[in-house]
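Number of protein chains: 2
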Amino acid sequence: MTDLRTTVERFWASAEARDWESFADTLADDVVYTLPQTREQISGRKSYVRFNREYPSDWHLRIERIVAEPDRVVTWIRFTVGQDEMNGISFFTSDGSGRIATVTDFWPEPYEPPAGREHLVERY
Amino acid sequence: MTDLRTTVERFWASAEARDWESFADTLADDVVYTLPQTREQISGRKSYVRFNREYPSDWHLRIERIVAEPDRVVTWIRFTVGQDEMNGISFFTSDGSGRIATVTDFWPEPYEPPAGREHLVERY
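The listed protein sequences correspond, in order, to chains A and B.
So the first sequence is numbered by this note's numbering: it starts at 29 and just counts up by one.
So the second sequence is numbered by this note's numbering: it starts at 29 and just counts up by one.
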């Protein structure tokens with residue numbers, strides 16, 4: 029059995045390399061991908077590989093942080109398209125044999141800080 | 029030495045209870061809080077406690093998921109104000125003695141799904 033952390037590292041390395049065969053191999057047959065921000069869900073390895081393979085633009089990614097238990101992993105990635113960089117946070121669970129059973133993604137966008145806390149914060 | 033997971037669970041329980049003394053006790057003196065979406069940063073226990081204590085509205089929270097290594101923890105919380113619910117994702121690191129050295133928060137907002145992937149996704 030493969031440790032889920034190792035699987036998730038391969039998941040991201042395969043995506044960055046556009047190696048969709050290796051990418052598919054990290055996924056359970058009945059993997060479920062969920063995007064709570066849009067309330068979208070993709071079910072099954074075939075559809076989820078296709079979603080990633082068809083994702084538009086010349087994107088690149090690198091792992092900023094990873095936190096792992098044996099059967100659950102979180103990654104924070106930097107996702108870049110040209111000069112634009114986004115943060116992506118992904119929660120993974122294992123199917124029990126080291127493949128990915130679920131992926132839940134968040135893509136937080138920049139926003140203007142609310143007024144009223146300038147006495148406590150610095151901008152960077 | 030307290031496990032960071034235990035500390036983080038107390039951090040959230042104390043915030044929900046408005047027990048700011050217990051909350052402060054989970055933090056290193058020189059804790060640094062970072063909000064990448066607004067590029068805001070708060071330094072020091074006193075300022076960070078005050079930021080939380082002064083946070084407007086009658087908010088409540090519960091932990092949806094937690095993933096923990098001995099010195100790094102991630103939580104996904106549901107943060108509610110009345111009928112509104114938000115997802116919050118927080119990355120914690122330890123100061124080496126089980127107190128919280130850094131907190132990095134993300135607050136992803138709902139958005140409309142881009143066109144072109146309707147053949148792969150379901151809405152929920």
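Note that beta-carbon positions come from the ideal geometry of N, C-alpha and C, so glycine has one too.
Here the structure is a predicted model, which is why all the values come from computation and not from measurement.
Apart from the five residues just before and just after A/R38, which ones in its own chain have a Cβ nearer than 7 Å to its Cβ? S50 and T54
What is the DSSP secondary structure of B/T30, counted as helix, strand or coil? Judged by DSSP in its simplified three-state form, B/T30 adopts coil rather than helix or strand.
Kindly provide the ranges of any beta strand (DSSP E) runs that are 3 or more residues long and lie completely inside the region 52-104 of chain A, ordered along the chain. 55-63, 68-71 and 87-97
Is the CB-CB distance between A/G110 and A/D86 below 9 Å? yes
Name the chain B residues whose beta carbon is nearer than 8 Å to that of A/A96? V95 and E97
Check the C-beta distance from A/W104 over to A/R90 and give it rounded, since I have them as a contact under 8 Å. The Cβ separation is near 10 Å, so there is no contact.
Let me see if you follow: with CB-CB separation under 9 Å, is B/F134 close to chain A or not? yes
Are the C-beta of A/T66 and some C-beta of chain B separated by less than 9 Å? yes
Alpha carbon to alpha carbon, how far is B/T34 from B/K74? 22 Å
B/V36 bridges to which residues according to DSSP? Answer is none; B/V36 lacks a bridge partner.
Report yes or no: is there a C-beta of chain A within less than 9 Å of the C-beta of B/E37? no
According to a CB-to-CB cut-off of less than 7 Å, which residues of the region 73-94 of chain B neighbour chain A? S75, R78, F79 and R93
What does the alpha-carbon distance come out to for the pair A/R88 and B/D47? The sequence shown places His at residue 88 of chain A, rather than the Arg named in the question. Approximately 43 Å, taken between the alpha carbons.
A/A43, buried or exposed, once every other Cβ within 10 Å from all chains shown has been counted against 16: Around the beta carbon of A/A43, 16 or more other beta carbons lie within 10 angstroms, which makes this residue buried.
With C-beta atoms as the reference, is B/D99 less than 9 Å away from B/G72? no
Local conformation of B/S125 per DSSP, three classes: coil
Going along chain B in order, which residues have a C-beta closer than 9 Å to the C-beta of A/E137? Q65, P136, E137 and Y139, listed in chain order.
Can you tell me which of the three DSSP states B/E137 falls into? Reduced to three states, the DSSP call for B/E137 is coil.
Taking only three categories from DSSP, how would you classify B/E113? In the structure shown, B/E113 sits in a strand (DSSP, three-state: E or B).
Does any CB atom of chain A fall closer than 9 Å to the CB of B/L55? no
So which of B/E150, B/Y152, B/R67 and B/G144 has the shortest CA-CA distance to A/E82? B/G144
Using 10 angstroms around the beta-carbon of A/E140, count the other beta-carbons present and answer buried if the total reaches 16, otherwise exposed. exposed
Cross-chain neighbours of B/E150 in chain A, by beta carbon under 8 Å: E68, Q69, I70 and S71
If you compare alpha carbons, which of B/A45, B/A41 and B/D58 is closest to B/T121? B/D58
Any beta carbon from chain B within less than 9 Å of A/F107's own beta carbon? no
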